[in-house]
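Reading through the structure tokens given below for one structure.
Numbering (the working numbering), first residue to last: 159 to 447.
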């Protein structure tokens with residue numbers, strides 16, 4: 159496979175050794191330390207993240223820039239939520255509630271080029287594959303979608319759409335808050351698992367994990383908190399990301415030996431649905447009080 163290209167899930171994995179080699183080689187391969195001068199060009203970094211993770215046409219969008227500025231992922235989630243909220247507002251006043259959730263999710267998935275949901279499908283296929291570590295990895299890398307991946311995507315998207323439909327019945331404010339909290343939380347989950355996870359195998363995905371350092375998770379956390387504050391108490395449901403990410407990480411370690419690009423993409427999709435379930439549970443119980 160060619161290196162440096164986007165693919166299903168999150169990023170395409172290719173054989174780029176990076177551990178245990180000299181610093182000069184590591185720099186040529188993009189595995190540089192946190193103190194990369196590009197880290198301190200945040201606005202260009204946001205364009206890199208925007209161009210790499212979405213289909214929005216921007217001038218930048220290379221792997222190195224996106225990896226060095228991964229702390230912008232929560233802000234990317236807020237941007238996607240803002241775009242989705244415009245469609246949610248139009249749908250809220252023009253269409254029945256049963257269609258709102260589907261439209262909101264479709265917009266979100268379309269902006270990201272369906273890469274993350276494809277990662278979920280591959281993650282599920284690999285999880286359900288019988289055999290040893292290598293066979294599971296092979297199933298996850300397969301470009302086709304198996305029945306496990308298809309069913310998993312249907313359930314995850316179906317649950318999220320149903321929750322958004324219920325929230326739209328409760329009112330416009332709960333719906334918009336849920337969209338923002340879930341999208342910001344989903345992108346933060348991708349940042350978090352990139353920091354705490356270990357690479358399953360050498361490749362562009364492992365090179366990305368190598369570049370996500372402690373300062374990035376600190377800056378990303380601050381950005382996420384600031385963006386979540388307007389949601390009020392609903393923002394607390396974003397904490398569901400933490401157990402969700404660690405559960406995915408444990409499953410990935412057991413089945414694949416670590417994290418890959420597909421696992422990172424899957425963490426975003428699963429975290430969004432988990433947060434939405436938390437939001438609807440919060441509003442449901444508040445109504446009962």
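For glycine and all other residues, C-beta sits at the position ideal for the given N, C-alpha and C.
Remember, it's a predicted structure, so these values are computed and weren't measured experimentally.
Practice prompt. Take the Cβ of residue 254 as the centre, count every other Cβ of all protein chains shown within 10 Å, and call the residue buried at 16 or more, exposed below.
Written response: With fewer than 16 other Cβ atoms within 10 Å, it is exposed.
Proximity to residue 304 [Cα-Cα], best of 316, 285, 320:
Selected option, being the one with the closest Cα: 285.
Kindly indicate the opening and closing residues of the alpha helix (DSSP H) around residue 418. Per DSSP, residue 418 belongs to no alpha helix (DSSP H) and is neither H nor E.
message: Can you confirm whether the region 410–418 touches the region 346–360 when touching is taken to mean that 3 or more C-beta pairs between the two stretches lie within less than 8 Å?
response: A contact is defined here as three or more CB-CB pairs under 8 Å, and the region 346–360 meets this definition with respect to the region 410–418.
Out of 319, 294, 299, 279, which one is the CA nearest neighbour of residue 309? Ranked by Cα distance from residue 309, the first of 319, 294, 299, 279 is 279.
By a C-beta neighbour count over all protein chains shown, 10 Å radius and 16 as the cutoff for buried, is residue 405 buried or exposed?
Under the 10 Å beta carbon count, residue 405 is surrounded by fewer than 16 other beta carbons and is classified as exposed.
_Considering only their Cβ atoms, is the gap separating residue 263 from residue 225 smaller than 8 Å?_
No, these two residues do not count as a Cβ contact at 8 Å.
Looking only at its chain, what residues have a beta carbon closer than 6 Å to the beta carbon of residue 229, apart from the 5 residues adjacent to it on each side?
Closer than 6 Å at the Cβ level, and outside the excluded window around residue 229, lie 374, 377, 378.
_At 4 residues or longer, what runs of the alpha helix (DSSP H) sit wholly inside the region 354–402?_
If only complete runs of 4 or more residues are kept, the region 354–402 shows the alpha helix (DSSP H) at 362–369, 372–386, in order along the chain.
Review point. Closest to residue 238 by CA distance: which of 298, 397, 214 is it?
Key: If you compare the alpha carbons of 298, 397, 214 with that of residue 238, the shortest gap goes to 214.
Within the chosen definition, does the region 427–436 reach the region 285–300 through at least 3 CB pairs nearer than 8 Å?
No: fewer than three Cβ pairs fall under 8 Å.
| query | In chain order, what residues of the same chain have a beta carbon less than 8 Å from the beta carbon of residue 341, not counting five sequence neighbours either side? | reply | Within the same chain, residue 341 has close Cβ partners 235, 236, 238, 239, 242, 266, 430.
May I ask which residues mark the beginning and end of the alpha helix (DSSP H) holding residue 290? Taken as a continuous stretch (DSSP letters only), residue 290 belongs to no alpha helix (DSSP H), as it is neither H nor E.
Q) When you compare only the Cα positions, how much space is there between residue 367 and residue 422? A) Those two C-alpha atoms are separated by around 10 Å.
Enumerated in chain order, which unbroken segments of the beta strand (DSSP E) with a length of 3 residues or greater are wholly contained in the region 249–320? Segments of the beta strand (DSSP E) lying fully in the region 249–320: there are none.
Sequence-distant residues of its chain with Cβ nearer than 7 Å to residue 315 (five each side left out)
Scanning its chain for C-beta atoms nearer than 7 Å, with the 5 sequence neighbours on each side dropped, one finds around residue 315 the residues 263, in chain order.
- Task: Quick one: residues in its chain with C-beta nearer than 8 Å to the C-beta of residue 270, no 5 flanking neighbours on either side, listed in chain order?
- Result: The beta carbon of residue 270 is closer than 8 Å to those of 211, 212, 213, 238 in its chain, skipping five residues each way along the sequence.
| request: Answer yes or no: do residue 339 and residue 395 have a C-beta to C-beta separation smaller than 8 Å? | output: Yes. Within cutoff.
Where residue 213 falls: helix, strand or coil (DSSP): In the structure shown, residue 213 sits in coil (DSSP, three-state: anything other than H, G, I, E or B).
(request) Given a cut-off of 8 Å, decide if residue 317 and residue 427 are closer than it, judged by their beta-carbon atoms. (result) No. Outside cutoff.
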